[in-house]
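Protein chains in written order, with my numbering: chain A, -14 to 199; chain B, 320 to 465. Don't be surprised by glycine CBs; every beta carbon is placed ideally from N, CA and C. Being a predicted model, the structure only gives us computed values, none of them experimental. All remarks here apply to the structure that follows.
Here is the structure:
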């Protein structure tokens, strides 16, 4: 079972990317499940993922964003035992850092886990402001990324994209960088195909940073 | 995921998530759902900023009825709110209630902003609903989840 962990600030585009990935993976016959952790008690993203025949587990943190690691470990274990997915996509809440999730999963791995890939989604239209006022969170989300996807290219100015790209290069130098425009399906094909290939091969970390698609 | 370490103190203030389920009464024929949802999110976001929110995180909603399914989200006032077909594949996706109207709908709403308490956000949501629905004579009920 491969685990694909999506992080990124609130509204960065995680749900859109996961939906695109999940649809393509399902179309290829992959047995997959999605675990979504939202802030607050109204599960909007979980409703969206139920569009297709996607297996969805919602972990809702509630008003106080307390420890969620135990819930995730329990959910992964139950999925492994009852559903047996080849791929589990975890959408972390927008205020989460990958570190806590990775710690919990590595310490208490579900049966059959054989690869974790961490993807951080960046919205360039808000990156500079968010980085300025939420520095620890934004930097922590980038620091442990295997891949970084800069999205919303249709809304961002060239200067905003360049600033985000420069920051990613500095804060996540080992991560592979992808540039996508989620509203244009063809820009998603490359990154989705590569993610699926990496997960199939079992390689959990890309060999070298490299420019993505545009 | 969200643990306490994941929410460090910041210049933006604290994030106190707000969620509500809103029950809309009968929507009249021709009531334009998409502009309503866009205006709702944009009005709430603008008022949050006016009231001192340090950062807009994400405002998102899903509206569902027996014949309509629509979701909208907003991440900045600059980009505004955007809508897309909702999650219910059995519902006929439409952005207006057409000729017959809709007997009622459920709207799930999440407002994630830094620097405002949930109680203050609840008041702004109520204010926005009143300004958009009262003139149309549409009743509503709200159940705050958080």
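Residue i to residue j span [Cα, whole Å]
i: residue 358 (chain B); j: residue 75 (chain A); result: 32 Å
i: residue 386 (chain B); j: residue 421 (chain B); result: 8 Å
i: residue 166 (chain A); j: residue 395 (chain B); result: 17 Å
i: residue 121 (chain A); j: residue 81 (chain A); result: 11 Å
i: residue 16 (chain A); j: residue 65 (chain A); result: 11 Å
i: residue 455 (chain B); j: residue 356 (chain B); result: 14 Å
i: residue 352 (chain B); j: residue 446 (chain B); result: 18 Å
i: residue 360 (chain B); j: residue 40 (chain A); result: 29 Å
i: residue 158 (chain A); j: residue 131 (chain A); result: 10 Å
i: residue 137 (chain A); j: residue 401 (chain B); result: 13 Å
i: residue 389 (chain B); j: residue 403 (chain B); result: 6 Å
i: residue 42 (chain A); j: residue 21 (chain A); result: 6 Å
i: residue 348 (chain B); j: residue 391 (chain B); result: 21 Å
i: residue 89 (chain A); j: residue 398 (chain B); result: 36 Å
i: residue 91 (chain A); j: residue 98 (chain A); result: 9 Å
i: residue 56 (chain A); j: residue 350 (chain B); result: 42 Å
i: residue 362 (chain B); j: residue 95 (chain A); result: 44 Å
i: residue 384 (chain B); j: residue 462 (chain B); result: 17 Å
i: residue 86 (chain A); j: residue 93 (chain A); result: 11 Å
i: residue 336 (chain B); j: residue 368 (chain B); result: 15 Å
i: residue 169 (chain A); j: residue 373 (chain B); result: 31 Å
i: residue 162 (chain A); j: residue 116 (chain A); result: 18 Å
i: residue 78 (chain A); j: residue 112 (chain A); result: 17 Å
i: residue 12 (chain A); j: residue 435 (chain B); result: 43 Å
i: residue 241 (chain A); j: residue 354 (chain B); result: Past the edges of chain A, shown from -14 to 199, lies residue 241 (chain A), and the structure says nothing about it.
Range covered by the beta strand (DSSP E) that runs through residue i
i: residue 383 (chain B); result: 374 to 383
i: residue 356 (chain B); result: Looking at the DSSP string, residue 356 (chain B) is not in any beta strand (DSSP E); the run it does join, the alpha helix (DSSP H), is 352 to 369.
i: residue 161 (chain A); result: 161 to 164
i: residue 388 (chain B); result: 388 to 393
i: residue 442 (chain B); result: It is not in any beta strand (DSSP E) - residue 442 (chain B) instead sits in the alpha helix (DSSP H) that spans 437 to 452.
i: residue 132 (chain A); result: 132 to 135
i: residue 404 (chain B); result: 401 to 404
i: residue 106 (chain A); result: 101 to 107
Beta-carbon proximity check, residue i vs residue j, cutoff 7 Å
i: residue 443 (chain B); j: residue 366 (chain B); result: yes
i: residue 156 (chain A); j: residue 119 (chain A); result: no
i: residue 459 (chain B); j: residue 341 (chain B); result: yes
i: residue 133 (chain A); j: residue 114 (chain A); result: no
i: residue 110 (chain A); j: residue 140 (chain A); result: yes
i: residue 338 (chain B); j: residue 429 (chain B); result: yes
i: residue 84 (chain A); j: residue 129 (chain A); result: yes
i: residue 433 (chain B); j: residue 346 (chain B); result: no
i: residue 9 (chain A); j: residue 177 (chain A); result: yes
i: residue 457 (chain B); j: residue 344 (chain B); result: yes
i: residue 426 (chain B); j: residue 380 (chain B); result: yes
i: residue 382 (chain B); j: residue 424 (chain B); result: yes
i: residue 18 (chain A); j: residue 68 (chain A); result: yes
i: residue 393 (chain B); j: residue 364 (chain B); result: yes
i: residue 72 (chain A); j: residue -1 (chain A); result: no
i: residue 377 (chain B); j: residue 175 (chain A); result: no
i: residue 207 (chain A); j: residue 135 (chain A); result: An answer regarding residue 207 (chain A) cannot be provided, because it is not within the stretch -14 to 199 covered by chain A.
Strand pairing of residue i, partner residues [DSSP]
i: residue 462 (chain B); result: B:340
i: residue 431 (chain B); result: B:377
i: residue 146 (chain A); result: DSSP, once it has assigned bridges, lists no residue as partnering residue 146 (chain A).
i: residue -7 (chain A); result: A:106
i: residue 66 (chain A); result: For residue 66 (chain A), which the question treats as bridged, DSSP gives no partner whatsoever.
i: residue 425 (chain B); result: B:342, B:383
i: residue 40 (chain A); result: A:18
i: residue 396 (chain B); result: Answer is none; residue 396 (chain B) lacks a bridge partner.
i: residue 181 (chain A); result: Answer by DSSP bridge pairing: none, since residue 181 (chain A) is not bridged.
i: residue 334 (chain B); result: B:433
i: residue -12 (chain A); result: A:73, A:101
Residue range of the unbroken alpha helix (DSSP H) whose run includes residue i
i: residue 117 (chain A); result: 112 to 118
i: residue 3 (chain A); result: -1 to 12
i: residue 73 (chain A); result: No alpha helix (DSSP H) contains residue 73 (chain A), which is instead part of the beta strand (DSSP E) from 72 to 76.
i: residue 91 (chain A); result: 83 to 92
Heavy atom of the ligand COA within 6 Å of residue i beta-carbon
i: residue 449 (chain B); result: You won't find the ligand COA in this model; it holds no ligand whatsoever.
Three-pair Cβ contact test at 8 Å for the region 173 to 182 of chain A versus the region 149 to 159 of chain A: no
Does the pairing of the region 93 to 108 of chain A with the region -13 to -3 of chain A give three or more beta-carbon distances under 8 Å? yes
Just checking, does the region 53 to 65 of chain A make contact with the region 1 to 17 of chain A on the three C-beta pairs under 8 Å criterion? no
Taking any Cβ of chain E, which residues in the region 381 to 394 of chain B have a Cβ under 9 Å from it, in chain order? Here the protein chains are A and B, and chain E is not one of them.
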